[in-house]
Structure formats: structure tokens, C-alpha cells
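Taking it in order: structure first as C-alpha cells, then the write-up.
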């Protein structure tokens with residue numbers, strides 16, 4: 303979607319239009335938008351990092367600082383690719399059905415793997431893992447529930463939630479001691495609060511979106527039925 307009305311695409315105003323930021327690359331991405339694009343490639347890389355991250359985190363019993371540092375590096379790369387694939391998809395219109403499904407799965411997979419492994423090792427309470435993963439599972443189901451009515455854009459709160467979750471999980475992956483170990487507890491506490499608050503807000507938006515979508519569908523059906531009835535009367539006369 304270029305954001306230009308279809309009626310204006312071939313009009314005289316198009317002659318004086320300024321080049322779209324991104325130049326040829328942006329135009330090419332708009333025209334192609336295939337599954338095989340750089341945004342989806344980064345998503346696949348993030349998925350492939352998950353088993354490697356788990357092996358590194360659990361290596362040597364899961365308490366070797368060196369292996370934990372390598373696990374943190376894999377986790378950090380996964381988080382960075384999450385930032386870049388979304389930015390590329392939005393900037394160059396590389397959004398695909400595969401990306402819509404695979405991207406949230408990749409996000410949940412790497413975060414879920416980190417939380418479950420940390421709880422298994424006794425570093426993180428299981429209830430924290432349950433709250434975060436329960437929220438993510440519920441939101442994923444909500445996405446499928448309202449997907450035919452539209453997509454709820456990422457909010458500032460949702461982005462903050464992701465940042466705090468990633469930071470907190472990354473700090474727990476590292477073998478921290480002393481004040482830093484205390485600090486990560488409070489970072490995770492903020493992450494849990496944001497997880498709950500943004501989850502409730504997402505539920506509210508999903509309900510509103512579905513309600514509006516159903517209302518529009520009913521209005522369209524009524525208009526179509528009225529038009530059909532009018533056409534039948536005209537043909538009868």
C-alpha cells in the first residue's frame with residue numbers, strides 16, 4: 303500500500319509528485335513484495351537461532367558463565383533482527399502473509415525459550431514465565447480472531463513492553479552477581495507490569511475492532527440487499 307488514493311494514481315497530480323523516500327529500492331519492494339525478501343529472511347534467521355540459543359544456555363549444566371555469555375550473544379542477535387525486519391517490512395512495503403504469521407511466532411519462540419530455560423534452571427520464578435507467555439499466547443489468538451477485520455498497530459506501550467522484556471531476559475541470561483543481579487529483578491518486575499497492562503489494552507482494541515468490523519459488514523450487506531431489491535423492481539417495470 304503506497305498511501306496514494308487509486309483515483310489519484312493516474313491523474314495529473316502524479317506528474318508533479320516528489321520521489322518517494324527510498325527511491326528505486328522502495329519502488330522495487332512495492333512491486334515485488336514476495337515471500338523471499340530480506341525482512342522475512344531475518345525472521346527465518348531468528349527462528350533458526352532458537353535451538354542454538356537453548357543449547358548454549360543449557361550447555362555444561364546451564365551455569366557456565368562463558369556459555370551463558372554466548373547464549374546472551376545469540377539472544378541479542380535475535381532481538382536485533384526483530385527490530386530490523388519490522389522496520390524493513392514497513393519502510394519498503396515488504397509485508398507478506400508469511401511475515402504476519404512467522405514474525406510473531408519467531409518473537410514468541412525466542413522469548414519463550416529464554417523464559418522456560420531460565421525457570422528450568424531456577425533463575426526465574428515459573429509464575430513470571432507463565433504470566434508473560436500466557437499473555438503472548440492470548441494476544442496471538444486474538445490476532446487470528448480479528449485478522450479479517452484489520453490489524454491492530456503496535457502501540458508505544460507494546461514497544462516498551464518488548465524492550466523491557468528483552469532487556470530483563472537478557473540480564474537473566476547473563477551470569478550476573480551483586481547489584482546487577484538485584485537490578486535485573488526490578489527490570490523484570492517492570493516488564494511484567496507492562497506485559498499485563500498492554501495485554502489488557504490489546505484485548506480492548508481487539509474487541510472494538512471486531513465490533514466495528516461486524517457493524518460495517520452488516521451495513522454493507524444491508525446496502526447490497528437494498529440495491530438488489532431496487533434493481534429487481536426496475537427490471538419488473
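Residue numbers (my numbering): 303 to 539.
From the three backbone atoms N, C-alpha and C, an ideal C-beta is built for every residue, glycine too.
In this text, all values refer to a predicted model and were calculated from it rather than measured experimentally.
{"Asked": "What whole-angstrom Cβ distance do residue 460 and residue 500 have, given they're in contact under 8 angstroms?", "Found": "5 angstroms"}
{"Asked": "Would residue 504 pass as a contact of residue 441 if the rule is Cβ separation under 8 angstroms?", "Found": "yes"}
{"Asked": "How about residue 378 and residue 472: do their beta carbons lie closer than 8 angstroms?", "Found": "yes"}
{"Asked": "Do residue 360 and residue 475 have their C-beta atoms within less than 8 angstroms of each other?", "Found": "no"}
{"Asked": "Residues in its own chain within less than 7 angstroms of residue 345 by CB, not counting five upstream and five downstream?", "Found": "387, 401, 404, 405 and 408"}
{"Asked": "Please work out which residues of its chain come closer than 7 angstroms, Cβ to Cβ, to residue 415, disregarding the five sequence neighbours upstream and downstream, and give them in chain order.", "Found": "352, 355 and 356"}
{"Asked": "Report the three-state DSSP secondary structure of residue 406 (helix, strand or coil).", "Found": "helix"}
{"Asked": "Helix or strand or just coil, what does DSSP make of residue 454?", "Found": "coil"}
{"Asked": "Can you give the Cα-Cα distance for residue 394 and residue 477, rounded to whole angstroms?", "Found": "39 angstroms"}
{"Asked": "Look at the Cβ atom of residue 516, then the Cβ atom of residue 452, and state whether they are nearer than 8 angstroms.", "Found": "no"}
{"Asked": "Smallest Cα separation from residue 411: which of 384, 526 and 423?", "Found": "384"}
{"Asked": "Could you have a look at residue 497 and say whether DSSP puts it in helix, strand or coil?", "Found": "helix"}
{"Asked": "Thinking C-beta only, is residue 508 closer than 8 angstroms to residue 444?", "Found": "yes"}
{"Asked": "Put residue 476 into one of helix, strand or coil per three-state DSSP.", "Found": "coil"}
{"Asked": "Is the Cβ-Cβ distance between residue 372 and residue 362 less than 8 angstroms?", "Found": "no"}
{"Asked": "Ignore the nearest five residues each way along the sequence and tell me which others in residue 390's own chain have a CB closer than 7 angstroms to its CB.", "Found": "340, 341 and 396"}
{"Asked": "At which residue ranges does the region 369-427 contain complete alpha helix (DSSP H) runs of 4 or more residues, listed in the order of the chain?", "Found": "399-422"}
{"Asked": "Taking only three categories from DSSP, how would you classify residue 356?", "Found": "helix"}
{"Asked": "Could you have a look at residue 342 and say whether DSSP puts it in helix, strand or coil?", "Found": "helix"}
{"Asked": "In the structure shown, what three-state DSSP assignment does residue 337 receive?", "Found": "coil"}
{"Asked": "With H, G and I counted as helix, E and B as strand and the rest as coil, what does DSSP make of residue 541?", "Found": "In the structure as shown, the chain starts at 303 and stops at 539, and residue 541 therefore has no counterpart that could be examined."}
{"Asked": "Work out the CA separation of residue 447 and residue 464 for me, nearest whole Å.", "Found": "22 angstroms"}
{"Asked": "What's the gap between the Cα of residue 489 and the Cα of residue 392?", "Found": "29 angstroms"}
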